[in-house]
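Step one of this worksheet: look at the structure below.
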Amino acid sequence: MHPLCALPLLITLLLISSVPPSVQESDAFFRYTNCTPASYQCGSLKFDVDYPFSANGVHRPDYCSYPGYRLICSPDNQLMIYMNSTSFQITNIDYGNKILAVIDQTQPQETCPDRYHNTTIDESRFMYTDRDQFLTVYVNCSAKSSSLPLIYDLVSCISGGSSYYRLHKNKDDSLESDILGSCSSTIVVPYNSTMAGSLAAENSSLVDVIRGGFTARWKVGLGWCSDCKASGGHCGFNGSFPDQYTCYCPDGQAIGSCSSSGSKISKISKKKTNAIGVILLFLLLLCTLCGKKFWHGLLSWIEKSKEAPNIESFLQKHEAQHPKRYSYSEVNTMTKSFSHKLGQGGFGTVYMGKMPNGKPIAVKLLKSCKDDGQEFMNEVASVNRTSHVNVVTLLGYCIQGSKRALIYEYMPNGSLERFAFSPNSETEDSLSWEKLFDIAIGIARGLEYLHRGCNTRIVHFDIKPHNILLDQDFCPKISDFGLAKSCKQKESNISIDGARGTIGYIAPEVFSKQFGDASSKSDVYSYGMMILEMVGARKNISASADVSSKYFPQWIYEHLEEYCVAASEMRLDTSVLVRKMIIIGLWCIQLLPNNRPSMTRVVEMLQSSADDLHIPPQSFLS
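For the sequence shown, the positions run -25 to -1, 1 to 597 when mature numbering (1 follows the signal peptide of the UniProt record, and there is no 0) is used.
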């Protein structure tokens, strides 16, 4: 660069650095620095102590935490918290979703539940999550088991009258007294919903379910604390105004976030803006003397950086609950220079890696594309709005120049495609019908949550076996939100620019508006195609060459007898599951969106009796 052009750059740096960093009292700045998250370890659990928590052995002032959220590392190195005078062991802290995984240490380790007691949380500070279900034990009841519905299981180890237990979703979902008669006591204990299948399969006992713990989301700081952190501040507590959203910023104390901290910070911004504006004007005038070489370099730099501001602006706008941002060098280290490739999809390649704490992760390195980063922003925005056991968890992301990566929890069992679509149903990679049915229910619940459970409705538009991942317990998780679209809860139809999805799973209305508008019912169609394929692949019913010229739903109806014959050769309980999957799949692939059920209705159908379901009328292209 010409020496004449270097001079104003130097002056700019000097003037900017001369602007005072704070116009607030020094005490406010110390509060900001004192509330920086503190590294902490208790046994094998390593994490940062941050608002609303305090912990023994961590010297953070009281104004950095909220009263009643005290963590204690016990002498035997177990992290504990007290709720309603009951000690709970903490096995995990998820600051992103504000969730604690806890175990009631006071429950006895006995297989017979007569010694269990009610487990309750402090509902003024915590709430149960959608990952929780409830076990209710009814001790010494007058009703006989022969007169009860199948949802009540007999507990044979308790002497006296008949005793039963029941698993249910809602905490207050109690039984009618006229069904059970009089009982000597009723015990309600929360547990992690992932244990329900294991208990039903008799792979776990009731004590395993109880000792597996449950989850609780803390209430304090919901919403505003994320805004405070996103703006560069630290959440805190003001004893004089306990209900105030206290945010400690480098420039002073604010309400809610540093971006709303008042006129003093605004004055700083004005001073900096005016100083920079004057110097840049001076720089522009002088650099006209530097010739074409300088301008060519400047224009080249502007061209290369066009895309980054779009994504950066998006990230800042949606920063409220973003996971951690990593540099490309950190991602490269975590994946050992991308040495272990797990798979490849339409939007990038997935590699295995490890977090600094040893936690296994999957890193999706996105392809370079010409969409202004739309897939990247879709994925971050969509997954970041979710918190559900059947939706994959985004742990972090990286954007550095043209390089973009997404960091997810590692799914050791890979995708559903590997298990449900094996060419040989007897291979080690095949799954039982019961497990496939559980997976189908899990996917349906995940889609129901995306369509109805979020503040913003999310339509995936690419539901297929490759995008369904399975954790160590074969719990399904919906992934790959690169094509997802979101809309407000009250909006039913979605505007899309061209067809999107994978051939064979795309709903008719996605590629042609003559069938209707794209909506959440488009995901229902893809789900139906997938579970019909699961049934066909598991029984080696192949859509051979004759289907290539036909509309697949039409082919399904023409070969329905083959599906039914295959189902009739199974055990009675297995054939019921297969029949339900076939009927529900046929309802989901109806040609017109209005004729398809919602995912809420699909979940109800999966949980209902097969006798209540009937085959829908034929509906296919002429």
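For each residue, glycine too, the CB sits at the ideal point set by N, CA and C.
| query | residue 216: which of 229, 193, 577, 204 sits nearest, CA to CA? | reply | 229
| Closest residue to residue 412 among 81, 579, 552, 109 (Cα-Cα distance) | 552
| request: Can you tell me the Cβ-Cβ gap for residue 113 and residue 161, rounded? I've got them flagged as a contact below 8 Å. | output: The C-beta distance from residue 113 to residue 161 rounds to 6 Å, short enough to meet the 8 Å contact threshold.
| request: Within its chain, find whatever has a CB closer than 6 Å to the CB of residue 37; leave out the 5 residues flanking it on each side and keep chain order. | output: Within its own chain, no residue has a Cβ closer than 6 Å to the Cβ of residue 37 once the five positions on either side in sequence are excluded.
| request: May I have a chain-ordered list of the beta strand (DSSP E) segments no shorter than 3 residues that lie completely inside the region 364 to 446? | output: 369 to 375, 378 to 384, 431 to 434, 443 to 445
| message | Just to confirm, is the Cβ distance from residue 225 to residue 7 under 8 Å? | response | yes
| query | According to DSSP, is residue 16 helix, strand or coil? | reply | Residue 16 falls in the strand class under three-state DSSP.
| query | Just curious, the alpha helix (DSSP H) that residue 172 is in, first and last residue? | reply | 170 to 175
| So is residue 483 buried or exposed if we call it buried at 16+ other beta carbons inside 10 Å? | buried
| task | Take the Cβ of residue 50 as the centre, count every other Cβ of all protein chains shown within 10 Å, and call the residue buried at 16 or more, exposed below. | result | exposed
| query | When the cut-off is 8 Å and only beta carbons count, does residue 84 lie next to chain C? | reply | Absent here is chain C; the protein component of the structure consists of one chain.
| request: Please report how far the alpha carbon of residue 221 lies from the alpha carbon of residue 81, in whole angstroms. | output: 36 Å
| task | Pick out whichever of 90, 375, 495 has its Cα sitting closest to the Cα of residue 571. | result | 495
| task | Could you give the DSSP three-state label for residue 142: helix, strand or coil? | result | Three-state DSSP puts residue 142 in a strand.
| field | Distance between residue 260 and residue 272 (C-alpha atoms, nearest Å) | value | Because the pLDDT at residue 272 is just 48, under 50, the model does not fix this residue reliably, and the value given afterwards should be weighed accordingly. If you take the alpha carbons of residue 272 and residue 260, they lie about 17 Å apart.
| request: Work out the CA separation of residue 394 and residue 359 for me, nearest whole Å. | output: 28 Å
| query | Grouping DSSP H, G and I as helix and E and B as strand, with all else coil, what is residue 248? | reply | Bear in mind that the predicted position of residue 248 carries a pLDDT of just 47, short of 50, making it too unreliable to give a figure here.
| field | Beta-carbon proximity check, residue 491 vs residue 568, cutoff 8 Å | value | Cβ distance < 8 Å, so residue 491 and residue 568 count as in contact.
| Any idea what DSSP makes of residue 62, helix, strand or coil? | Strand.
| Considering only C-alpha positions, which residue in the set 234, 205, 200, 207 is nearest to residue 219? | Nearest option by C-alpha distance: 200.
| task | Would you kindly check if the distance between the Cβ of residue 174 and the Cβ of residue 184 is under 8 Å? | result | Contact annotation: residue 184 and residue 174 have beta-carbon atoms nearer than 8 Å.
| message | Using 8 Å as the threshold, is the C-beta distance between residue 41 and residue 212 below it? | response | yes
| said: Along the chain, where does the beta strand (DSSP E) containing residue 79 start, and where does it finish? | reply: 74 to 79
| Given a threshold of 16 other Cβ atoms within 10 Å of its Cβ, counted over all protein chains shown, does residue 586 qualify as buried or as exposed? | exposed
| Classification of residue 427 by the beta-carbon crowding that lies within 10 angstroms, buried from 16 upward | exposed
| Do the CB positions of residue 142 and residue 108 come within less than 8 Å of each other? | yes
| query | Under the three-state reduction of DSSP, which class applies to residue 328: helix, strand or coil? | reply | strand
| Which whole-angstrom value is the C-beta distance of residue 31 and residue 10, which I expect to be below 8 Å? | About 18 Å; that fails the 8 Å criterion.
| query | When you compare only the Cα positions, how much space is there between residue 329 and residue 94? | reply | 36 Å
| So, are the CB atoms of residue 101 and residue 79 less than 8 Å apart? | no
| said: Considering only DSSP beta bridges, list what residue 107 is partnered with. | reply: 167
| query | What are the boundary residues of the alpha helix (DSSP H) that includes residue 35? | reply | First-last for residue 35: undefined, no H or E at that position.
| query | Which residue's Cα is closest to the Cα of residue 106: 364, 204, 138? | reply | The shortest CA-to-CA distance from residue 106 to any of 364, 204, 138 is the one to 364.
| CB residue 382 to CB residue 336, shorter than 8 Å? | In contact: residue 382 and residue 336 (Cβ atoms closer than 8 Å).
| field | Residues sharing a beta bridge with residue 130, DSSP | value | 138
| Can you round the beta-carbon distance between residue 414 and residue 440 to whole angstroms, since I take them to be within the 8 Å contact cut? | About 10 Å separates the two Cβ atoms, so there is no contact after all.
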